[in-house]
Amino acid sequence: MSGPRVVRSPRGSKLTCANWQIEAPYRMLQNNLDPEVAERPDDLVVYGG
38 MSGPRVVRSP RGSKLTCANW QIEAPYRMLQ NNLDPEVAER PDDLVVYGG
């Protein structure tokens with residue numbers, strides 16, 4: 038297994054999935070690990086409201 042890696046959520050209107058119904062939850066999951074968005078990505082801590 039490799040070491041830690043930085044996960045960045047896709048931005049903009051370019052799809053990385055087959056359609057927006059798949060892209061939306063994919064981006065929400067990626068945002069949990071994106072250091073520019075997440076509160077504590079290294080600890081995998083996610084806060085919901």
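Just so you know, we're using the working numbering here: the sequence shown kicks off at 38 and counts up by one. Built from N, CA and C at the ideal position, the CB exists for glycine as well.
- Here DSSP, grouped into helix, strand and coil, assigns R42 to coil.
- When secondary structure is reduced to three states using DSSP, R48 falls in the coil class, being assigned neither helix nor strand.
- DSSP places L66 inside the alpha helix (DSSP H), whose first and last residues are W57 to N68.
- Nearest Cα to S50 within the set V74, L81 and R64: R64.
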